[in-house]
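Since the structure comes first, as structure tokens, the remarks are kept for the end.
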Amino acid sequence: MSDTVSEIVDVVTETAPDVRAGLTGRREYETSENPSGEQMLAADRHADELLEERLLAVDGVAGYASEEREEIVESGDGHLHVACDPLDGSSNLKSNNVMGTILAVYDEPLPAPGRALVAAGYVLYGPITTLVLARDDTVTEYVIDDTDEGVERRVVEEDVTIPADPVVYGFGGRVPDWHDDFEAFVREIEDELKLRYGGAMIGDVSQVMEYGGIFAYPALQSAENGKLRLQFEGNPIGYIVECAGGRSSDGEQSLLDVEPDRLHQRVPVHVGNTELIERLEGALH
Ligand code: AHG
Ligand code: MN
Ligand code: MN
200 MSDTVSEIVD
210 VVTETAPDVR
220 AGLTGRREYE
230 TSENPSGEQM
240 LAADRHADEL
250 LEERLLAVDG
260 VAGYASEERE
270 EIVESGDGHL
280 HVACDPLDGS
290 SNLKSNNVMG
300 TILAVYDEPL
310 PAPGRALVAA
320 GYVLYGPITT
330 LVLARDDTVT
340 EYVIDDTDEG
350 VERRVVEEDV
360 TIPADPVVYG
370 FGGRVPDWHD
380 DFEAFVREIE
390 DELKLRYGGA
400 MIGDVSQVME
410 YGGIFAYPAL
420 QSAENGKLRL
430 QFEGNPIGYI
440 VECAGGRSSD
450 GEQSLLDVEP
460 DRLHQRVPVH
470 VGNTELIERL
480 EGALH
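Residue numbers for the sequence shown follow this note's numbering, so the first one is 200 and each next one is one higher.
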């Protein structure tokens, strides 16, 4: 990979071991809140600062935005607009469960629709560190190793596709806060699939990518647009799952067709096997 997108992916690859190494000793919450009104961990800020500095140094990157920053940091020139969730599922740090880093590369200024994505990926900090990358209509999974010779990225699976027979489901939010039509859909799914919910979207989406199924953080009675952010979570994950042969939805349409109006807008997120997402859209009215 030798173009700007490739350089961006190389930066995220090389930064992943530093993010992972930086988790130790950064479990305390900072006093400041992020633009979504959520408390930030020192680990969130550390990951965000590493990615901002290194991604803005890539020739061709016009700006860096993250869920931890109110404003976009412009580089002054370039044609690609990067949006990151530097540490997804950071509340899992205290319980030592999986977390991720989400990368979205748009070729339009932010906030941009998912159709403007040219690449999207996530790093999963699990038992091993992996990168799942969607670009050029295909999804590739890599292992990232931090060796004495430097950071290595090697392909473990090409043309990743969601298995045709769904196995797992995971739904965020509290049951009493779900809308009745979503809850009725869940009751059907509970009879068919196995529960896998770990509190970090990337870990839960990874289960869906590996075994087939559905992940959702739906609209809630207390939060009409759910919890997850379109630019930093919904669009990139929707792009990856759709590149892998699945579907995404805000409840009515592909996440990639949701018209953005604000950088930090939230959106109900549902991703997984096409048949399940179509059933879900039929159930929500
Ligand atoms: P982040 O740590 O980047 O704010 O993301 C956390 C999100 C997402 O990873 C996960 O699906 C969801 O929060 C979990 O929310 P609950 O704690 O309400 O289950
Ligand atoms: Mn985050
Ligand atoms: Mn997140």
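Built from N, CA and C at the ideal position, the CB exists for glycine as well. For clarity, every value in this text was computed on a predicted model and none was experimentally measured.
Assign E267 to one of two classes, buried (16 or more other C-beta atoms within 10 Å of its C-beta) or exposed (fewer than that). As a first step, residue 267 is located in the sequence shown; it is residue number 68 there, counting from the start. With 16 or more other CB atoms across the displayed protein chains lying within 10 angstroms of its CB, E267 is buried.
Assigned secondary structure, I271 (DSSP; H/G/I helix, E/B strand, else coil): For the purposes of this step, residue 271 is identified with residue 72 of the sequence shown, where counting begins at 1. In this structure, I271 counts as coil in the three-state DSSP scheme.
With a CB to CB cut of under 7 angstroms and the five nearest residues on each side skipped, what residues in its chain are close to G445? Position 246 of the sequence shown holds residue 445. Correct list, in chain order: I361, V470, G471, N472, T473.
For P491, the first and last residue of its enclosing alpha helix (DSSP H): Given that the chain is displayed from residue 200 to residue 484, the structure contains no residue 491 and the question cannot be resolved.
Coil, strand or helix - D403 by DSSP: To locate residue 403, count along the sequence shown from 1; it is residue 204. Residue state, collapsed to three classes: helix.
Sort out for me which residues DSSP pairs K393 with in a bridge. Within the sequence shown, numbered from 1, the residue matching residue 393 stands at position 194. Looking at the DSSP assignment, K393 forms a beta bridge with V367.
Do you know how far the Cα of D258 is from the Cα of T496? This structure gives no information on residue 496, because the portion of the chain shown stretches from 200 to 484.
Where in the stretch 319–384 do unbroken runs of the beta strand (DSSP E), each at least 3 residues long, occur, reported from the N-terminal end onward? If only complete runs of 3 or more residues are kept, the stretch 319–384 shows the beta strand (DSSP E) at 328–334, 337–346, 349–356, 367–370, in order along the chain.
By Cβ distance, which residues of its chain are closer than 8 angstroms to D144, with the 5 residues on each side in sequence left out? No answer is possible for residue 144: it lies beyond the span of the chain, which begins at 200 and ends at 484.
Where does the unbroken beta strand (DSSP E) through G445 begin, and where does it stop? Taking the first residue of the sequence shown as 1, we reach residue 445 at position 246. Here G445 belongs to no beta strand (DSSP E), and DSSP marks it neither H nor E.
Do you know offhand how far P459's Cα is from G425's? Translated into positions along the sequence shown, residue 459 becomes position 260. Translated into positions along the sequence shown, residue 425 becomes position 226. Looking at the two C-alpha atoms, the distance is approximately 15 angstroms.
Once you ignore the five residues that flank E477 on each side, which residues in its own chain have a CB closer than 6 angstroms to its CB? As a position in the sequence shown, residue 477 is number 278, starting the count at 1. Counting only Cβ-Cβ distances below 6 angstroms, and skipping sequence neighbours, we find nothing.
V457 - DSSP class collapsed to helix/strand/coil: For the purposes of this step, residue 457 is taken as the residue at position 258 of the sequence shown. The three-state secondary structure of V457, taken from DSSP, is coil.
Taking the straight line between their C-alpha atoms, what separation do you get for P467 and T212? Within the sequence shown, residue 467 is the residue found at index 268, counting from 1. Within the sequence shown, residue 212 is the residue found at index 13, counting from 1. The alpha-carbon of P467 is positioned some 29 angstroms away from that of T212.
Tell me whether H245 sits in a helix, a strand or coil according to DSSP, three-state version. Taking the first residue of the sequence shown as 1, we reach residue 245 at position 46. Three-state DSSP puts H245 in a helix.
Quick one: Cα of L255 to Cα of E409, how far? The residue given as residue 255 occupies position 56 in the sequence shown. The residue given as residue 409 occupies position 210 in the sequence shown. In this model, L255 and E409 are separated by some 33 angstroms (Cα to Cα).
Would you decide whether P365 is buried or exposed? Buried here means 16 or more other CB atoms lie within 10 Å of its CB. Within the sequence shown, residue 365 is the residue found at index 166, counting from 1. Its Cβ being crowded by 16 or more others within 10 Å, P365 is buried.
N- and C-terminal bounds of the alpha helix (DSSP H) containing A215: Here residue 215 is taken as the residue at index 16 of the sequence shown, counted from 1. For A215, the enclosing alpha helix (DSSP H) begins and ends at 203–220.
For A246 and G221, believed in contact at Cβ under 8 angstroms, the rounded distance: In the sequence shown, residue 221 corresponds to position 22, counting from 1. In the sequence shown, residue 246 corresponds to position 47, counting from 1. Right, the Cβ-Cβ distance comes to about 7 angstroms (below 8 angstroms), so this counts as a contact.
Through-space distance from E206 to M200, alpha-carbon basis: Locating residue 200 in the sequence shown gives position 1, counting from the first residue. Locating residue 206 in the sequence shown gives position 7, counting from the first residue. In this predicted model, M200 has a pLDDT of only 45, less than 50, meaning its place in the structure is not dependable enough to derive any value.
Flag E232 as yes when its Cβ comes closer than 6 angstroms to any non-hydrogen atom of ligand 3, and as no otherwise. Along the sequence shown, one-based indexing puts residue 232 at 33. The answer is no for E232.
Leaving out five residues on either side along the sequence, give the residues of the same chain with a beta carbon under 7 angstroms from the beta carbon of A315. On the sequence shown, residue 315 is found 116 positions in, with the first residue counted as 1. Around A315, the same chain offers Y305, D306, E307 as residues with beta carbons nearer than 7 angstroms, after the five sequence neighbours per side are excluded.
D364: beta carbon under 6 angstroms from a heavy atom of ligand 2? Sequence index remark: in the sequence shown, residue 364 carries index 165 (1-based). No, the Cβ of D364 stays beyond 6 angstroms of every heavy atom of ligand 2.
Quick one: grab the DSSP three-state call for S289. Stepping through the sequence shown from its first residue, residue 289 is reached at position 90. If DSSP states are grouped into helix, strand and coil, S289 belongs with the helices.
Can you tell me whether DSSP reads E227 as helix, strand or coil? Translated into the one-based positions of the sequence shown, residue 227 becomes position 28. Residue state, collapsed to three classes: coil.
From this set, L332, E248, G277, which residue's C-alpha is nearest A303's C-alpha? Numbered from its first residue, the sequence shown carries residue 303 at position 104. Considering only alpha carbons, the answer is L332.
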